[in-house]
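*Asks:* Next up is a structure, given as structure tokens.
Structure representation (structure tokens):
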């Protein structure tokens, strides 16, 4: 099911960058599969912990539009201005291979979870001073919740 979610998210992300994808090509992680049904996405969402299980995935997808010019979300996808976000939940901060992190993120001693990503998205500069992310932040708590749930549904292996 995760690969199906991934194909859908990848197509959306690439469309925002002007790089079309039919979803039928093979990825570095293996062959692409059909996108998930709405029922499958809702089942994955329902399995998330509160408050993320009550999120609006469509709003999360729209909120991710602010991120896709700098981030990819596919397995084995490229790093861009920002690192690839595939499997970000549980990943040690500053540890995405082949990405040139700031000294602040290289020295960070935590793994990314929904709470930390939420604080990061609210204001990256104050969450971890000295990082190089130029994004000003996502002030609306509902948008952050929805974006985090959307990321969990679309970037977590095995979902």
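In my numbering, the protein residues as written are -8 to 150.
For glycine and all other residues, C-beta sits at the position ideal for the given N, C-alpha and C.
1. Which of helix, strand or coil does DSSP assign to residue 15?
2. Whether or not the segment 42 to 59 and the segment 131 to 147 are in contact is what I'm after, with contact meaning three or more pairs of Cβ atoms, one per stretch, closer than 8 Å; do they touch?
3. Could you have a look at residue 83 and say whether DSSP puts it in helix, strand or coil?
4. In the DSSP assignment, find the unbroken alpha helix (DSSP H) run with residue 64 in it and report its ends.
5. Distance, Cα to Cα, residue 99 vs residue 117?
6. Looking only at its own chain, which residues have a Cβ that is under 6 Å from the Cβ of residue 113, when we skip the five neighbours before and after it?
7. Quick one: residues in its chain with C-beta nearer than 7 Å to the C-beta of residue 68, no 5 flanking neighbours on either side, listed in chain order?
8. Between which two residues does the alpha helix (DSSP H) holding residue 48 run?
9. Need the endpoints of the alpha helix (DSSP H) that residue 146 sits in, please.
10. Can you name the residues that DSSP bridges to residue 41?
11. Report the option in 70, 30, 71 and 143 whose CA atom is closest to the CA atom of residue 106.
12. Please state whether DSSP places residue 105 in a helix, a strand or coil.
13. Please classify residue 124: does DSSP put it in a helix, a strand, or coil?
14. Quick check: what's the CA-CA separation for residue 108 versus residue 101?
*Replies:* The short version:
1. Only weak support exists for where residue 15 lies, its pLDDT of 33 falling under 50; the coordinates are left without a value.
2. yes
3. strand
4. Where residue 64 is concerned, there is no enclosing alpha helix (DSSP H), given that its DSSP letter is neither H nor E.
5. 14 Å
6. 128
7. Excluding residues within five positions, the ones whose Cβ falls inside 7 Å are 75 and 77.
8. 48 to 55
9. 132 to 146
10. Residue 41 is not bridged to any residue.
11. Nearest neighbour of residue 106 by Cα position, chosen from 70, 30, 71 and 143, turns out to be 143.
12. helix
13. coil
14. 11 Å
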